[in-house]
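In the numbering used here, the protein residues as written are 160 to 317. For each residue, glycine too, the CB sits at the ideal point set by N, CA and C. Beneath this line is the structure, given in structure tokens, with notes to follow.
Dropping the structure here:
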């Protein structure tokens, strides 16, 4: 995915949300959900905050490392992440936000990639997605494609 397509996904997602829900606060799940969350919040002209949840690549359980702001208490909240497969991260985020007693809370993702059904998504797909901000890393002082992505693309024939 490139940056222009990412922008289109955020606009589509924001429009779907606008038509059905009026969040007062948008919470982006760090790391990758912060970027679409901030863009959606900006389009909707709403407050934005983030929370951080670790996701191990070895299948371990996600853990909240920085919880949501108390700004959510008594307000309508939208939690945003980039993708959602099993829903483990989103369910953990939902529980953390609900502990702070929001008036309402709904979920949104740019890409619905698995069995979990968020309240809103821009696109449902089973394809492997490389986000524009997540494509490259610095290794030995050089900007290169993430090694795990390079391996996955080779496996997929790309």
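- Query: Around the C-beta of residue 309, are 16 or more other C-beta atoms found within 10 angstroms, so that it is buried, or is it exposed?
  - Reply: For the purposes of this step, residue 309 is taken as residue 150 along the chain shown, with counting starting at 1. With fewer than 16 Cβ atoms within 10 Å of its Cβ, residue 309 is classed as exposed.
- Task: May I ask you to verify whether the stretch 182-199 touches the stretch 244-261, counting CB pairs closer than 8 Å and requiring at least 3?
- Result: yes
- Query: Since residue 284 contacts residue 275 with CB under 8 Å, what's their CB separation in whole angstroms?
  - Reply: Working through the chain shown from its first residue, we reach residue 284 at position 125. Working through the chain shown from its first residue, we reach residue 275 at position 116. That pair is no contact at about 14 Å.
- Taking just the CA atoms, how far does residue 304 sit from residue 291? Position 132 of the chain shown, counting from 1, holds the residue named residue 291. Position 145 of the chain shown, counting from 1, holds the residue named residue 304. Spanning the two alpha carbons is a distance of roughly 11 Å.
- Message: On the CB-based measure, 16 or more other CB atoms within 10 Å of its CB, does residue 287 come out buried or exposed?
- Response: For the purposes of this step, residue 287 is taken as the residue at position 128 of the chain shown. Residue 287 is exposed by the Cβ-count criterion.
- Message: When you measure from the CB of residue 203 to every non-hydrogen atom of the ligand FAD, does any distance come out below 7 Å?
- Response: Looking at this structure, you won't find the ligand FAD or any other ligand, since it has none at all.
- Query: Smallest Cα separation from residue 165: which of 185, 199, 176 and 180?
  - Reply: If you number the chain shown from 1, residue 165 lands on position 6. Ranking the options by Cα distance to residue 165, first place goes to 199.
- Item | Range of the contiguous beta strand (DSSP E) that encloses residue 160 | Here residue 160 refers to the residue found at position 1 of the chain shown. Unbroken run through residue 160: none, as it is neither H nor E.
- Query: Rounded to whole angstroms, how far is the Cβ of residue 256 from the Cβ of residue 239, which I believe are closer than 8 Å?
  - Reply: Along the chain shown, read from residue 1 onward, the residue named residue 256 stands at position 97. Along the chain shown, read from residue 1 onward, the residue named residue 239 stands at position 80. Not confirmed; about 12 Å, so no contact.
- Query: Nearest to residue 171 by CA position, among 203, 183 and 301, is which residue?
  - Reply: Within the chain shown, the letter at position 12 stands for residue 171. Here the closest residue by C-alpha is 203.
- Out of 175, 206, 258 and 221, which has the shortest C-alpha to C-alpha gap to residue 244? The sequence position of residue 244 within the chain shown is 85, counting from 1. Measuring from the Cα of residue 244, the nearest candidate turns out to be 221.
- Backbone CA spacing between residue 162 and residue 196 [nearest angstrom]: Reading the chain shown from its first residue, position 3 is the one you call residue 162. Reading the chain shown from its first residue, position 37 is the one you call residue 196. Taking the straight line joining both Cα atoms gives about 15 Å.
- Message: So for residue 267, helix, strand or coil by DSSP?
- Response: Position 108 of the chain shown, counted from the first residue, corresponds to residue 267. Strand at residue 267.
- Message: What would DSSP say about residue 275, mapped onto helix, strand or coil?
- Response: In the chain shown, the residue the question calls residue 275 occupies position 116. It is coil, neither helix nor strand.
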